[in-house]
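Heads up: the sequence shown begins at 0 in numbering that gives the first Met the number 0, then just goes up one per residue. Inspection log for the structure reproduced underneath, given as structure tokens.
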Amino acid sequence: MKLYLKNPVILMLFCLMAGMFITVSFVETPLKFQVEGITLSTALGLGKLMFGISTKIQALFLTLILIFMTISQSHYTKLDFTITIVLLSILVLEQFWMLPVLDERADLISSGKPLAPTPLHDYFIYAETAKAIILILAVVLQFRTQPNENRSY
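Put into structure tokens, the structure is as follows:
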């Protein structure tokens, strides 16, 4: 079985996005709480900064991916576009709903105010995990077994 690449630029963008995203969400985030001497306030501030920047960079990657997919849309299926739109939708939910609420909670915790637990942090973790799985799927789907023009339907 010979594999063909749909578009090398889109594969590169998905891989760069996945690498940056996985590094921030699944490596940097848990490790910062293990640094000796770091305060909770500092760790929360760093988290706010990193996730704020990360979501903006992911939005840029997804915008570029959608532009390049549209330019070479004959190579892409509805599934390819759907996956990218789902990624973008999760990102929009995080950027405009989850992160602002979590940032506000981080500020309150940093100022010493006790807060009742909320499931929102868990929802954010679920969203990040879903993005990781969907990104891996998006990378895999950049390959096909034969070019579109040779397919028989």
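No residue lacks a Cβ here, since even glycine has one placed at the ideal position from N, Cα and C. From a predicted model like this one, the values you see are computed outputs, not experimental measurements.
Among Ile124, Leu101 and Val91, which has the Cα closest to the Cα of Ala175? Missing from the structure shown is residue 175; the chain here goes from 0 to 152 and no further.
List the DSSP bridge partners of Leu4. Phe142
With DSSP run on the structure shown, which of helix, strand or coil describes Ser71? Coil.
State the CB to CB distance for the pair Ile82 and Lys130, rounded to an integer number of angstroms; the pair is presumed to be in contact (CB under 8 Å). Not confirmed; about 11 Å, so no contact.
Nearest-angstrom Cα separation, counted from Lys47 out to Leu107: 13 Å
State yes or no: is the C-beta of Val58 within less than 8 Å of the C-beta of Met97? Note on residue identity: the sequence assigns Ala, not Val, to residue 58. Ala58 places its beta carbon 8 Å or farther from that of Met97.
Following the continuous alpha helix (DSSP H) through Ile89, name the residue where it begins and the one where it ends. Lys77 to Leu92
From the DSSP output, in three-state form, read off Leu32 for me. In the sequence on display, residue 32 carries Phe and not Leu. DSSP places Phe32 in coil when its eight states are reduced to three.
What three-state label does DSSP hand Gly111 in the structure shown? coil
Contact check, Leu140 vs Leu43, beta carbons under 8 Å: no
Suppose you measure from the CA of Arg19 to the CA of Glu27; what does that come to, to the nearest Å? Looking at the sequence itself, residue 19 is Met, so the reference to Arg does not match. Taking the straight line from one Cα to the other gives about 10 Å.
Does the distance from the CB of Met11 to the CB of Leu134 come in under 8 Å? no
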